[in-house]
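Residue numbers (our numbering): 1324 to 1885.
Yeah, the Cβ is synthetic: ideal placement off N, Cα and C, and Gly gets one too.
Right, one structure below, let's go through it.
Given below as structure tokens:
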């Protein structure tokens, strides 16, 4: 063992261990020095502060006892008086250490065994650190390995320089591995844990497919074709959206390859998973129509604020658009990032008819008009009393059968209805105990205050403690399924950006944040400094107002949700 070897053998052992474990030679020598220190303490006393130095060139071992310089010595095994210390070194100061040489020693069997354990432990820690440093920067890569063992469905993979794990939920369904099988997988996470670095691999991750296409399609590797998004139902079906930055190259054809050779190579690696290659489009409607292939789409209606789209398909195309167990529409939704609602032409017609009847009844009741007038307003696209009250009178007068006097009368009745409705909401708000100061937040209406009061949000502080998700709702994707959670103000057509501004305004009013907290940080100059004030102040003052407005606009844009 190293601690009982002569000087030459000591260095030879350090070199051999460093080569075998692929770690730095200095780390091995430091581990040996630590082991010798531990063995020396067992000889000279555990309370003794022993330091061992190994010369990396000659292998000479020097043992020293370190004594701390203090004014009043309490423990003579670890401390030394300042006057005695200055006899040895006139420049020594309090708190520093004085070293005294210790005589060489022979290590017994127990000490040697203990030293061996220290060296093994230190080398193992160094090996783990190096393994973590090597793989932490390889997240997002594909690696090849050999199956070492399978435990409860989890596959342990030997990567040569370390072990990785493919958890059961990261393997493709109906995929079986046995000892010695070659496996290719995607590194999606590397963590430093107590028992060493843990490398997590996946064969179901969407990026695994993207990387496989990058390996098979030279145009993707060269950046001519770009993969915009991937959606997978691992082992069954997948969709991948691609775009070409060269108009002369067809992105779909390039990914398919001659007689499907390229896509078949990826399909073979993914155990026969069917792949739809979709041309990406900056136009959301066109992209979603492409994503729903092979189903044919008759019409789409987008709600850009909610990122939701209603897709109308012919009756005979409904099952194809939805797919088996909703697979096609689910993958299309994941690929595009939009919530997709599929309906037939008949269902869409029935829904439009129901909306028409609802709007007609609203106008009859609120405006005190007959059914024909209400139907004319609804058929012209008016859907609320607010629209009738605040649009230009000419738009109402332009409706066939109406004139200027009719338009003025309808708008007067609409405003009167809104005032009556406002009074009713205010009574409800007071009954719920909602504070008046909540109205000071720009954008909050009395109707919103009623909705907030029903959810026990009754003061400015209560509202300031809300998140935008609480107000406008949120969506969660789990196991390929999208779940929508309603917000308190869902029925008010409030955008997420508006909700964030309202919450921040409330926090400003209650003093939780200040204007300075929300102000953007000043941008540094090209040399990284703020610049010379004397030279730049006069020139900058002329453009200060314009730059401030520009920075404010950029900050507002940055706060918008992705």
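Is the Cβ-Cβ distance between residue i and residue j less than 8 Å?
i            : j            : result
residue 1814 : residue 1795 : no
residue 1557 : residue 1495 : yes
residue 1625 : residue 1608 : yes
residue 1577 : residue 1603 : no
residue 1746 : residue 1757 : no
residue 1647 : residue 1597 : no
residue 1828 : residue 1765 : yes
residue 1605 : residue 1621 : no
residue 1554 : residue 1524 : no
residue 1279 : residue 1493 : With the chain covering only 1324 through 1885, there is no way to say anything about residue 1279.
residue 1340 : residue 1360 : no
residue 1549 : residue 1566 : yes
residue 1724 : residue 1699 : yes
residue 1741 : residue 1767 : no
residue 1485 : residue 1458 : yes
residue 1769 : residue 1752 : yes
Residues in the same chain with beta-carbon distance under 6 Å from residue i, minus the five sequence neighbours each way, listed in chain order, please.
i            : result
residue 1822 : 1791, 1794 and 1795
residue 1396 : 1402 and 1404
residue 1837 : none
residue 1784 : 1833
residue 1808 : 1796 and 1797
residue 1705 : 1711
residue 1782 : 1758
residue 1777 : none
residue 1284 : Residue 1284 cannot be examined here, being either before or after the span of the chain that is shown, 1324 to 1885.
Give every residue of the same chain whose Cβ lies closer than 7 Å to the Cβ of residue i, excluding the five residues on either side of it in the sequence, and list them in chain order.
i            : result
residue 1335 : none
residue 1338 : 1348
residue 1500 : 1470, 1473, 1478 and 1506
residue 1544 : 1537
residue 1738 : 1712
Which term fits residue i, buried or exposed, when burial requires 16 or more other beta carbons within 10 angstroms of its beta carbon?
i            : result
residue 1685 : buried
residue 1568 : exposed
residue 1454 : buried
residue 1468 : buried
residue 1841 : exposed
residue 1779 : exposed
residue 1728 : exposed
residue 1869 : Annotation note: pLDDT 40 at residue 1869 (below 50); position unreliable, coordinate value reported separately. Burial call: exposed.
residue 1683 : buried
residue 1651 : buried
residue 1514 : exposed
residue 1542 : buried
residue 1529 : buried
residue 1491 : exposed
residue 1830 : buried
residue 1854 : Low local confidence applies: a pLDDT of 42 at residue 1854 is under 50, so the model's placement there is unreliable, and no value is given.
residue 1424 : exposed
residue 1475 : exposed
Taking residue i as the reference, give the member of the options with the closest Cα.
i            : options                   : result
residue 1386 : 1395, 1463 and 1426       : 1426
residue 1546 : 1463, 1574 and 1563       : 1574
residue 1392 : 1652, 1577, 1384 and 1412 : 1412
residue 1380 : 1361, 1409, 1348 and 1765 : 1348
residue 1357 : 1457, 1384, 1339 and 1601 : 1384
residue 1506 : 1700, 1512, 1407 and 1465 : 1465
residue 1390 : 1659, 1421, 1375 and 1409 : 1421
residue 1674 : 1649, 1640 and 1634       : 1634
residue 1354 : 1375, 1579, 1367 and 1364 : 1375
residue 1594 : 1600, 1586 and 1831       : 1586
residue 1623 : 1630, 1612, 1752 and 1475 : 1612
residue 1679 : 1662, 1491 and 1697       : 1697
residue 1663 : 1701, 1672 and 1644       : 1644
residue 1660 : 1724, 1687, 1471 and 1552 : 1552
residue 1352 : 1769, 1409, 1534 and 1443 : 1443
residue 1632 : 1656, 1521, 1416 and 1639 : 1656
residue 1639 : 1371, 1388 and 1617       : 1617
residue 1522 : 1562, 1582, 1452 and 1535 : 1452
residue 1388 : 1394, 1378 and 1400       : 1400
Spatial neighbours of residue i within its chain, please: C-beta separation below 8 Å, excluding the five flanking residues on both sides.
i            : result
residue 1826 : 1786, 1787, 1789, 1790, 1791 and 1794
residue 1726 : 1720
residue 1687 : 1693, 1694 and 1697
residue 1861 : A caution first: residue 1861 carries a pLDDT of 37, below 50, which makes its placement in the model unreliable, though a value can still be read off. The answer is none, since no qualifying residue turns up.
residue 1502 : 1470, 1471, 1472 and 1473
residue 1702 : 1679
residue 1774 : 1811, 1812, 1814 and 1815
Check the Cβ-Cβ distances between residue i and every residue of chain D, and say whether any is below 8 Å.
i            : result
residue 1494 : Included in the structure is just one protein chain, with no chain D present.
Check: Counting Cβ pairs closer than 8 Å, one from the region 1660–1674 and one from the region 1682–1696, do we hit at least three?
Finding: no
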